[in-house]
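Notes for the one structure printed next.
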Amino acid sequence: MSLHFEENGEHLDLFLDSGEEQELLTYGSSQENLDDFLKGHVVEFEKKRSHRRAYLKYEGSIPQRGRIEIVLRGKYRVDELQTSEKVRLKYREGKLYPER
């Protein structure tokens, strides 16, 4: 998960790698949710356009788009995550869990 700093504010980008050679499934949420998420509380994320795989490891400036910094790395099980327009997730011990 990266924190994206832009002129009009900050937001979270959650990049999910399914292990395939495709682009990253990407969800976003308000930066204000970061502390709650890290404490294990459920946070809702909204689907965004897919991002290039380079964003999994990239930190720094993005021309005309601000900058990003990685705030969290973890794992998830592809078979447990329903990829809909909105997902409710919690984070615990380095893993993402869907809230059903």
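No gaps in the numbering here: position 65 of the sequence shown is 1099 in the numbering used here, and each next residue is one more.
For every residue, glycine included, the Cβ atom is placed at its ideal position computed from N, Cα and C.
None of these values were measured; they are calculated from a predicted model.
Express the C-alpha separation of residue j and residue i in angstroms, rounding to a whole number.
i: Glu1078; j: Pro1132; result: 10 Å
i: Phe1039; j: Arg1134; result: 30 Å
i: Phe1071; j: Gly1108; result: 13 Å
i: His1075; j: Arg1126; result: 9 Å
i: Gly1043; j: Gly1053; result: 31 Å
i: Gly1128; j: Asp1069; result: 15 Å
i: Glu1055; j: Ser1063; result: 25 Å
i: Leu1037; j: Lys1073; result: 17 Å
Under 9 Å between the Cβ atoms of residue i and residue j?
i: Ile1102; j: Ile1096; result: yes
i: His1045; j: Gln1065; result: yes
i: Lys1124; j: Leu1130; result: yes
i: Leu1166; j: Asp1051; result: Here the chain has residues from 1035 to 1134 only, and residue 1166 is not among them.
Can you tell me which residues form a DSSP beta bridge with residue i?
i: His1075; result: DSSP, once it has assigned bridges, lists no residue as partnering His1075.
i: Gly1100; result: Ile1096
- Message: Three Cβ pairs or more, each shorter than 8 Å: is that satisfied between the stretch 1115-1122 and the stretch 1074-1089?
- Response: yes
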